[in-house]
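*Asks:* Take a look at this one; I'll ask things after.
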Amino acid sequence: MKISLISTSHREKSQSNRISKILEEVILKINNKIICYNLNMYNSKIPLWTSNKRENSEFWEKNFEKISNELKNSDGFIMIVPEYGGMATPNSKNFFLVFNNGELFHKPGLIVSISSGNGGAYPISELRASSYKNSHIMWIPENIIIRNVEQFLPGNHGKLIPSWIDDRIKYSCDLLIKYAEYIKPIQKFINRKDFSNGM
Ligand SMILES: Cc1cc2nc3c(=O)[nH]c(=O)nc-3n(C[C@H](O)[C@H](O)[C@H](O)COP(=O)(O)O)c2cc1C
């Protein structure tokens, strides 16, 4: 089984990327045979989608296929999305336009929203409201919000981090893995030729 962790920050030294690595450890503790693929959208320099692929030919000719294949081979996804201006990040939305070739089709996804303060709800409602139509990602009913994210450090959390959050994260990751396992047989029924875009 392979799980992709997608960090959608626009910053070089991001909390999203830090959280992504912590979540990878959680996944591996649950099952060390799971292969994790970390996609840091900032480092990977994934361009804003345009119809003119010559504009970013280096990405489209060299890197796109490699990343797309990693995602295609994944059974589930964790999207780490910070709240920017009360919204999901542009990178999190751009991801669904760039990787729109069935990579995510009918595969489970866990949204992990982060905020340096008390925010974090908006990216979840935004991704749940849109994002799935053409990508066909299946967000699982659980999601995580890590508030006061700078204080989040398992084993040494700051005062503002609730004591229950590690258990909830483990539970949600556990569930994501189970969804990925049980949903897999559905792949053979999927008709991307006639129904590649949702209604
Ligand atoms: C452009 C920008 C806008 C932000 N807007 C919000 C916001 O609306 N709500 C919030 O809770 N935090 C907001 N923050 C703070 C982020 O939650 C915090 O910086 C977080 O660490 C960002 O994640 P990152 O480090 O992965 O980029 C904002 C940060 C940036 C850079």
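Residue numbers (this note's numbering): 78 to 276. Ideal placement from N, C-alpha and C gives every residue a C-beta, glycine not left out. Keep in mind it's a predicted model, so treat the numbers as computed, not measured.
Do we get a CB-CB distance below 7 Å when we pair Arg88 with the residues of chain D?
*Replies:* The structure shown has no chain D; it contains just one protein chain.
*Asks:* According to DSSP, is Ile246 helix, strand or coil?
*Replies:* helix
*Asks:* For Phe172 and Met118, which I take to be in contact (beta-carbon distance under 8 Å), what is that distance rounded to the nearest angstrom?
*Replies:* 7 Å
*Asks:* Cβ of Leu204 within 7 Å of Cβ of Glu180?
*Replies:* With a cutoff of 7 Å on beta-carbon distance, Leu204 and Glu180 are scored as not near each other.
*Asks:* So who's on the other strand from Ala165, going by DSSP bridges?
*Replies:* Glu160
*Asks:* Distance, Cα to Cα, Pro218 vs Gly186?
*Replies:* So the two alpha carbons sit approximately 9 Å from each other.
*Asks:* On the premise that Leu116 lies in contact with Ile144, defined as a C-beta separation below 8 Å, what is that separation, rounded to the nearest angstrom?
*Replies:* Right, their Cβ atoms sit about 6 Å apart.
*Asks:* Suppose contacts are defined by Cβ-Cβ distances below 7 Å. Is Ser193 in contact with Glu227 by that definition?
*Replies:* yes
*Asks:* Can you check whether the CB of Ser81 is closer than 7 Å to the CB of Ser151?
*Replies:* yes
*Asks:* Just the C-alpha distance for Arg269 and Gly162, rounded to the nearest angstrom, thanks.
*Replies:* 35 Å
*Asks:* For Glu219, report the span of its beta strand (DSSP E) as first-last.
*Replies:* Met215 to Ile223
*Asks:* Can you find the residues in the same chain that come closer than 7 Å, C-beta to C-beta, to Ile104, ignoring five residues on each side of it along the sequence?
*Replies:* Ile80, Ile111, Cys113 and Cys250
*Asks:* Nearest by alpha-carbon distance to Phe88: which of Gly153, Trp137, Lys106 and Pro159 is it?
*Replies:* Strictly speaking, residue 88 in this sequence is Arg, with Phe absent from that position. The alpha carbon of Arg88 has as its nearest neighbour, out of Gly153, Trp137, Lys106 and Pro159, the alpha carbon of Pro159.
*Asks:* Would you identify the three-state DSSP class for Tyr119, choosing helix, strand or coil?
*Replies:* The answer is coil: DSSP assigns Tyr119 none of H, G, I, E or B.
*Asks:* Determine the extent of the alpha helix (DSSP H) in which Lys106 is found, giving its start and end residues.
*Replies:* Gln92 to Ile107
*Asks:* So, is Asn94 buried or exposed, given that buried needs 16 or more other C-beta atoms within 10 angstroms?
*Replies:* buried
*Asks:* Thinking C-alpha only, which one of Lys122, Ile123 and Trp137 is nearest Asn129?
*Replies:* Trp137
*Asks:* From which residue to which residue does the alpha helix (DSSP H) around Ser151 run?
*Replies:* Element bounds for Ser151: n/a, residue is neither H nor E.
*Asks:* Could you tell me if Met156 is buried or exposed, where buried requires 16 or more neighbouring beta carbons within 10 angstroms of its beta carbon?
*Replies:* buried
*Asks:* Got a sec? Which residues, its chain only, sit under 7 Å from Leu252 by beta carbon, not counting five neighbours each side?
*Replies:* Result list for Leu252: Ile217 and Glu219, in chain order.
*Asks:* Which same chain residues, not among the five before or five after Phe182, have their C-beta less than 7 Å away from its C-beta?
*Replies:* His213, Ile267 and Arg269
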